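Participant: Have a look at the structure that comes next, please.
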Amino acid sequence: MLEKFQIIQQRFDEVSDLIIQPDIISDQKRYIQINKEYKDLSVMVEKIEDHKILTSNIQEAEQLIKVEDDEEMILMAKMELESSKDKLPQLEEEIKLLLIPRDPEDAKNIVMEIRAGTGGDEASIFAGDLYRMYIKYCQSKKWQVSFVDSSDGTAGGFKEIIFEVSGQDVYGTLKYESGVHRVQRVPQTETQGRVHTSAATVMVLPEAEEFDVEIDMNEVRVDYFCSSGPGGQSVNTTYSAVRLTHEPTGIVAQCQDQKSQHKNKDKALKVLRSRLYELELSKKLALDSEKRNSLVSSGDRSAKIRTYNYPQGRVTDHRIGLTLYDLPNIINGDVAKLINELQLYQNTEKLKEEGEYL
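The sequence shown maps to residues 1182 to 1539 in the working numbering.
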């Protein structure tokens, strides 16, 4: 591990020098990459410095116990030794996790899409419940949420809703939410009190920058239409909504949130770029999953990942076999307890794989 510490410190010194070079600052793509690496390395260097201090304290305390005659000094040295030895294992675990190569996508913002699946009106209502759950979770993280587009359900909720989330490590936190979410409960439309099973699909797309995906606008059909959502009278009388169709892939993205046609086009283009980027990323995830045999990071959006059972008040994540009897709080935004367990599971798997190199 000490050898890795030296390599990290050396790279940190190199990046610290690079980040102030004029040719780096003038190259936006390169500067963003270098700045991100600098921030990540700063966290590592700080932990490594803490490790050096602890190991130094242990060595000094052990030496003092050997040579000191004063009982009070020996007692203080023993207390320092015990305290430092208690802190060291936890710190080393934190460093090991930091040493695992991070997914470069994790720091990205996201486009989240929630679509009603099987279950008719109840599926649309459930899609609305999931939307509110994620909005409240994002608010608790102080992330910014921006509405893109939606299609309302006939009895409430949404047939589909799309929104952007920006903040720190948004994709790295929410990427495990992609997949099919099931709900088991008595629908509002059920007259005989029978429990039904409905579903909604969640897709979490890393937001692609312009230099991640280059789109040839000659291959994109642009359609303008009147908005049908909230936003005042002018929304429904002007052709401000924009629909983009990427003809080579057939992927469609649209936005009707803004009164400005130009702003809607920019938002729709961002969604289109993210969907094209996700196509390539999902192929990579599938390959990685085969190599790692990972249940969590397979990227299979058709996989059933979680069940919300209202009669029993439980939520079960099928990938890691976790069941929590706290459905009211979870559906009200306290989804962190599930996300944290998924991240812990994934980090543990990575540690097993990387262990021999640490």
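Think of the CB as a built atom: it goes at the ideal place given N, C-alpha and C, for glycine as much as any other residue.
On a predicted model such as this, the values are computed, not experimentally measured, just so you know.
What separation, rounded to the nearest whole angstrom, lies between the Cα atoms of E1252 and L1279?
Facilitator: 40 Å
Participant: Relative to the C-alpha of N1490, which candidate in G1309, A1288, P1429, R1366 has its C-alpha closest?
Facilitator: When only C-alpha atoms are compared, the closest one is R1366.
Participant: Quick check on DSSP: helix, strand or coil for T1430?
Facilitator: coil
Participant: Using three-state DSSP, classify N1474 as helix, strand or coil.
Facilitator: Bear in mind that the predicted position of N1474 carries a pLDDT of just 49, short of 50, making it too unreliable to give a figure here.
Participant: Assuming contact is defined by CB atoms lying nearer than 8 Å, are K1268 and L1222 in contact in what I supplied?
Facilitator: no
Participant: Comparing C-alpha positions only, which one of S1207, Y1219, G1298, D1447 sits nearest to I1396?
Facilitator: When each option's Cα is compared against that of I1396, the closest is D1447.
Participant: What residues in its chain sit with their C-beta under 6 Å from that of E1400, if we drop five residues either side in the sequence?
Facilitator: E1428, P1429
Participant: Could you check whether the region 1236 to 1247 touches the region 1207 to 1221, counting it as contact only if at least three pairs of C-beta atoms, one from each stretch, sit closer than 8 Å?
Facilitator: no
Participant: Which whole-angstrom value is the C-beta distance of Y1458 and V1394, which I expect to be below 8 Å?
Facilitator: 5 Å
Participant: Indicate whether S1455 and E1388 have their beta-carbon atoms separated by less than 8 Å.
Facilitator: yes
Participant: Near Y1506, which residues of its chain fall below 7 Å by C-beta distance, leaving aside the five closest residues on each side in sequence?
Facilitator: G1494, R1495
Participant: Measure the CB-CB distance between Y1352 and D1287 and report whether it falls below 8 Å.
Facilitator: The answer is yes: Cβ separation under 8 Å.
Participant: Going by DSSP, what residues sit across from I1342 in a beta bridge?
Facilitator: Looking at the DSSP assignment, I1342 forms a beta bridge with I1295, S1331.
Participant: From K1340 to V1364, what does the alpha carbon distance come to, in whole angstroms?
Facilitator: Taking the CA atoms as reference points, K1340 sits about 15 Å from V1364.
Participant: Cα-Cα, which of E1243, D1250, Q1271 is closest to K1259?
Facilitator: E1243
Participant: If we call anything under 8 Å between Cβ atoms a contact, is V1326 one with F1344?
Facilitator: yes
Participant: Could you tell me the alpha carbon to alpha carbon distance between Q1524 and L1199, rounded to whole angstroms?
Facilitator: Distance between the alpha carbons of Q1524 and L1199 is about 32 Å.
Participant: Rounded to the nearest angstrom, what separates D1330 and E1371 at their Cα positions?
Facilitator: 29 Å
Participant: Could you please give me the residues that DSSP links to K1232 through a beta bridge?
Facilitator: The sequence given here places His at residue 1232; Lys does not occur at that position. Paired residues: none, contrary to the question.
Participant: Among the residues of its own chain, which have a CB less than 7 Å from the CB of I1316, if the five just before and after it don't count?
Facilitator: V1326.
Participant: On the premise that I1281 lies in contact with I1229, defined as a C-beta separation below 8 Å, what is that separation, rounded to the nearest angstrom?
Facilitator: Actually they do not touch by this definition, with Cβ atoms about 15 Å apart.
Participant: On the three-state DSSP scale, how would you describe R1454?
Facilitator: In the structure shown, R1454 sits in a helix (DSSP, three-state: H, G or I).
Participant: Are L1245 and I1291 closer than 8 Å when you measure CB to CB?
Facilitator: no
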